[in-house]
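Numbering (this note's numbering), first residue to last: 311 to 645.
For each residue, glycine too, the CB sits at the ideal point set by N, CA and C.
Bear in mind that the values here come from a model prediction, so they are computed numbers and not experimental data.
Below is one structure, written out as structure tokens; the observations come after it.
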């Protein structure tokens, strides 16, 4: 093992393969003192311990304090989240939406606190205590079940919404679901993530650092069972496998692996978005995409992501992502 690198095999009933080996590198906790990666590496384990040993209200106090500070920091012109909010509002204005950057900023923080509250209630009281806070229309669930029965499976194209993960428990109560996700950067955060998937009773296939061939093989075997696979597909891709799409008027590389599998198995890809208002969440579906044209399919669900982000920016977690912030800033300067 290289210096500064350690690995650990984790076991969980939530894992599709029942185990995953997590490798933690020297900079897995972030390179900069105030980076988002470092903040999550410190905050998540602290919050996890708090909910195990205190009431929900007491456990939420540090998060409420942090969000209060973030509210004050809105007036700092260099605040990265403020920069993203202002940029996305300028882009949305060109499409006819009238969003106020300050309101989007405050709603983003309110949504983040609401999701954390729901996770704590899930941990303490179980699925039944929060399931009704996530709205999934029965006609939409019927559509997904019908597509899975007809085609042998469905792939849900999901963006990184604040409520993406917690909403999986509602989806899984309506049809058999498998979440495909990258495990967090650190072993400690991966353990916490697995514990919450156990509480949600949602199976997950973790793929960070995984072999593409192994990923495809595992998914092919799952899809033969008629299961619905949910994968977050708004990560920026920079490889020979990327598909260049247009979003916010910019050319951006996106991954093709999910649509490649769907095309090979002749499965529908259904885009969805998770809209939040505090601790209440709503699942929105787009039209099914059934095509062998991989590039067209990726552009199709990317367009769905874009339309919903511009409609409801405060539900999109990647407003806080530095790479997407650069894209939003560049796009906002267009005529």
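(Q) Taking the alpha helix (DSSP H) that residue 401 belongs to, which residues open and close that run? (A) Note, residue 401: alpha helix (DSSP H), 390-404.
Q | Own chain, CB closer than 6 angstroms to residue 469, minus 5 neighbours either side, in chain order | A | 544, 615
Q.
Using only CA atoms, which one of 403, 399, 405, 418 lies nearest to residue 411?
A. 399
Q. Between the C-alpha atoms of residue 546 and residue 471, what's the straight-line distance to the nearest angstrom?
A. Straight-line Cα distance between these residues: approximately 15 angstroms.
Q. Is residue 611 closer than 8 angstroms to residue 593 when the C-beta atoms are compared?
A. no
Q. Between the C-alpha atoms of residue 538 and residue 418, what's the straight-line distance to the nearest angstrom?
A. 29 angstroms
**Q.** Which of helix, strand or coil DSSP assigns to residue 485
**A.** Looking at residue 485 - three-state DSSP - the assignment turns out to be coil, as it is neither helix nor strand.
Q. If you draw a straight line from the alpha carbon of residue 608 to that of residue 430, how long is it in whole angstroms?
A. 35 angstroms
Q: Reducing DSSP to helix, strand and coil, say where residue 340 ends up.
A: Interpretation of residue 340 is limited by its pLDDT of 49, a score under 50 that renders its predicted location unreliable; the figure taken from the coordinates is listed afterwards. Coil.
Q.
Does the region 421-437 come into contact with the region 363-377, if we say contact requires no fewer than three beta-carbon pairs (one atom in each stretch) closer than 8 angstroms?
A. yes
Q: Return yes when the Cβ of residue 525 is within less than 8 angstroms of the Cβ of residue 517, no when it is not.
A: Yes, these two residues count as a Cβ contact at 8 angstroms.
**Q.** Length of the line joining the Cα atoms of residue 565 and residue 613
**A.** 15 angstroms
**Q.** 7 angstroms Cβ shell around residue 558 - same chain, five flanking residues per side excluded
**A.** 401, 616, 637, 638, 641
Q | Beta-carbon contacts of residue 620 that lie in its chain and below 8 angstroms, excluding the five residues immediately before and after | A | 398, 401, 402, 405, 407
Q: Grab me the residues of residue 343's own chain with a C-beta within less than 6 angstroms of its C-beta, minus the 5 sequence neighbours each way, in chain order.
A: Residue placement at residue 343 is flagged as unreliable, the pLDDT there being 47, under the threshold of 50; the coordinate-derived value follows with that caveat. So the list is empty, once near-sequence residues are dropped.
Q) Is it true that the CB of residue 577 sits closer than 8 angstroms to the CB of residue 464? A) Taking the C-beta atoms as reference points, residue 577 is found nearer than 8 angstroms to residue 464.
Q: In angstroms with no decimal places, state the Cα-to-Cα distance between residue 441 and residue 447.
A: Cα atoms of residue 441 and residue 447: separation of roughly 13 angstroms, rounded to the nearest angstrom.
Q. For residue 467, which residues from the same chain have a beta carbon less than 6 angstroms from its beta carbon, with the 5 sequence-adjacent residues on both sides left out?
A. The residues are 543, 579, 581, 611.
**Q.** Under the three-state DSSP convention, the category residue 333 falls into
**A.** strand
Q) So which of 321, 605, 433 has the shortest CA-CA distance to residue 556? A) 605
Q. Residue 377 to residue 414, Cα distance in whole Å?
A. 14 angstroms
Q | Range covered by the beta strand (DSSP E) that runs through residue 590 | A | 590-595
Q. So which of 461, 474, 416, 479 has the shortest CA-CA distance to residue 432?
A. 479
Q. Roughly how far, in whole angstroms, is the beta-carbon of residue 354 from the beta-carbon of residue 527, given that I think they are within contact range, below 8 angstroms?
A. Their Cβ separation, rounded to whole angstroms, is 31 angstroms, which puts residue 354 and residue 527 out of contact at 8 angstroms.
Q | From 507, 484, 587, 633, residue whose alpha carbon lies closest to that of residue 416 | A | 587
Q | As assigned by DSSP and simplified to three states, the class of residue 550 | A | Correct three-state label for residue 550: coil.
Q) What residues are listed by DSSP as bridge partners for residue 560? A) 557
**Q.** Range covered by the alpha helix (DSSP H) that runs through residue 415
**A.** 411-435
Q. Buried or exposed: where does residue 328 fall if 16 or more other Cβ atoms within 10 Å of its Cβ makes it buried?
A. exposed
Q: Would you mind reading off the limits of the alpha helix (DSSP H) that contains residue 583?
A: Element bounds for residue 583: not the alpha helix (DSSP H) but the beta strand (DSSP E), 579-587.
Q.
For residue 321 and residue 492, what's the separation of their Cα atoms in angstroms?
A. 16 angstroms
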